[in-house]
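Data first, discussion second: the structure below is written as structure tokens.
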Amino acid sequence: MGKDKMFSQFSRYQNIKYGFSNRTDGSMHRRLEKENREEYFKSLGIDPSRVVTADLVHGAKAVKVSDGTIVAKADGLVTDAKGLFLTATAADCFLLYFYDPLKNVIGIAHVGWRGLLAGIVDNTIDALVQNYNVNSHDLLVSVSPGIRECHFEISPTDKEKFRRHSKFILKRKGKVFVDLPGIIKVKLLDKGISPNNIEDSGICTHSNENEYFSYRRDKPRDVQVQIGYIGLV
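So the working numbering is basically just the index in the sequence shown, starting at one, shifted up by 12.
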């Protein structure tokens, strides 16, 4: 599977624009690579002034937006505003893209392991339901590239934090790994998302050095990140 699989269900609709950058696009850090970000969006025909960015804190807050450029202390964004592009960055964490073709509303969520356990998946869906009367069964969800169980190793101390998700803890050669996409999918299903409406890229950022930045693999002095975006057009 690849990025074509990630967005195949979205490709049926002409009124949304979406994507996920890769290494050849350059890093998309909001403060360190502002100029590159702006050039990237311009190359896609997107006005940088209509790009809204979640100021990530690896938390569980999801926010409704109708304008602006930066949303403080949020890891999830939802909107029904046409021409507004919701964005979030990631260097191993996952991005979830949400679209309801019936209500014509969208969302994006940054899902690291801390935010996942704190409830960012649930809260982003709740924000769509509460603000736009969305039926979660109608939502289409795509899961971006991110660090997979092949490389997401955790310490014995952190293992305890995943005790409610023991099914997704794997042990290999004395090391402990976690299947984060597995947990994400369970949370989506528990919130009423149809299994047929969930698409996963299946891509591991850590394993694909030529295509993606990976914080755990590269350990850079300055964080290098991909950016995901979705907007109604």
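For every residue, glycine included, the Cβ atom is placed at its ideal position computed from N, Cα and C.
Only a predicted model underlies this, so the values are computations on that prediction, with no experimental measurement involved.
Collapsing the DSSP output to three states places R160 in coil. If one requires a minimum length of 3 residues, the beta strand (DSSP E) runs lying completely within the stretch 184-242 are 187-190, 210-212, in chain order. Scanning I28, H41, F174, N147 for the CA closest to the CA of P232 turns up H41. For G31, the enclosing beta strand (DSSP E) covers residues 28-32.
DSSP places G88 in the strand class (E or B) of the three-state scheme.
In terms of Cβ geometry, A103 and Y227 form a close pair [threshold 8 Å]. Separation of the CB atoms of Y241 and N34 is rounded to 13 Å, and the pair is thereby denied contact status at 8 Å. With 16 or more other CB atoms across the displayed protein chains lying within 10 angstroms of its CB, E45 is buried. Positions of the beta strand (DSSP E) runs, each at least 3 residues long and wholly inside the stretch 101-136, are given as 106-112, 117-123 in order along the chain. Taking 8 Å as the cut-off, the Cβ atoms of A72 and A100 do not count as close. When DSSP reads this structure, A139 sits in no beta bridge, so it has no partner.
With respect to the 8 Å criterion, F22 and Y111 are classified as neighbours on the basis of their beta carbons. Annotation for S23: no alpha helix (DSSP H) segment contains it, and DSSP assigns it neither H nor E.
Shown here, F19 sits in coil according to DSSP, grouped into three states, outside any helix or strand.
Checking the DSSP bridge columns, you'll see I82 partnered with T65. Here Y30 really is in contact with Y109; their C-beta atoms are around 6 Å apart, less than 8 Å.
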